[in-house]
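Have a look at the structure below before the remarks.
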Ligand code: C5J
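Residue numbers (our numbering): 2 to 229.
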């Protein structure tokens, strides 16, 4: 039996009351295209080593979440192979030599089914864990994420992944507007721009937690129940 009462986790701007039975772990875009050389992140001129420090805390949190028997959902940013879901405005963005759909060292960039689009081996989903394929930055836009969460009775989300100020922020905002309480472990999110990461986290907790709460993965792991 998973505990239905809440457990307090130290967080900013004040403790988060975790109700494990109705809380899912949502891991965003921990894909080769964002974390490994040769992918979309690097194509945009970013240094992927800036975001790799989030891998190990995510791996530990994922293992603890699975051990507690709680819902894990993964999301991937990417497009259909025929690119019919890729807005022209997004394709052209960045002014790079290559764009989404072009061939790179890990296959076609940010295209579903390609090596680069897949989730990194360290955090690979189990067959039982839903994977949300999203065409945008937010995990709710043009996906069935909200339906899946509703069907599981989820009211709270622990949101991790990359990048802090882009897909994580967009998804936290989308989730907040849909009535979910969002907790972001700062060590499980990362940005190519450390100052955007810092400011992005402050924007979540400002004004009494306008978008949610920020804590760290060690505190969250410490209170997770053990599956019976
Ligand atoms: C970006 C993301 N940064 N997953 N996507 O383009 O944050």
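C-beta: ideal position from N, C-alpha, C; glycine also.
task: Could you please give the first and the last residue of the uninterrupted alpha helix (DSSP H) stretch that includes residue 75?
output: Residue 75 -> not in any alpha helix (DSSP H); beta strand (DSSP E) instead, spanning 73-78.
- prompt: Does the Cβ of residue 228 have 16 or more other Cβ atoms within 10 Å, making it buried, or fewer, making it exposed?
  reply: Flag for residue 228 reads exposed.
Range covered by the alpha helix (DSSP H) that runs through residue 155: Unbroken run through residue 155: none, as it is neither H nor E.
task: From the DSSP output, in three-state form, read off residue 120 for me.
output: Strand at residue 120.
- prompt: When burial is assigned at 16 or more other CB atoms within 10 Å of the CB, is residue 216 buried or exposed?
  reply: Note on residue 216: 16 or more other CB atoms within 10 angstroms of its CB, so buried under the neighbour-count rule.
task: Mind checking who residue 17 pairs with in its DSSP beta bridge?
output: The partner list for residue 17 (beta bridge, DSSP) reads 10.
- request: Throw me the rounded Cβ distance for the residue 40 and residue 105 pair, which I believe falls under 8 Å.
  value: Approximately 7 Å separates the beta-carbon atoms of residue 40 and residue 105; this is inside 8 Å, confirming the contact.
Backbone CA spacing between residue 124 and residue 76 [nearest angstrom]: Spanning the alpha carbons of residue 124 and residue 76 requires a straight line of approximately 12 Å.
field: Cα-Cα separation between residue 99 and residue 110, rounded to whole angstroms
entry: Approximately 9 Å, taken between the alpha carbons.
Among 61, 54, 155, the one whose alpha carbon lies nearest that of residue 221: Here the closest residue by C-alpha is 61.
- prompt: Three or more C-beta pairs closer than 8 Å, one from the segment 127-142 and one from the segment 31-47: is that the case here?
  reply: Counting Cβ pairs under 8 Å, fewer than three are found: no touch.
field: Cβ neighbour criterion (16 or more within 10 Å) applied to residue 21
entry: Burial check for residue 21: the Cβ neighbour count within 10 Å reaches 16 or more, so the residue is buried.
- prompt: Apart from the five residues just before and just after residue 213, which ones in its own chain have a Cβ nearer than 7 Å to its Cβ?
  reply: Same-chain partners within the cutoff: 173, 177, 182, 183, 184, 185, 205.
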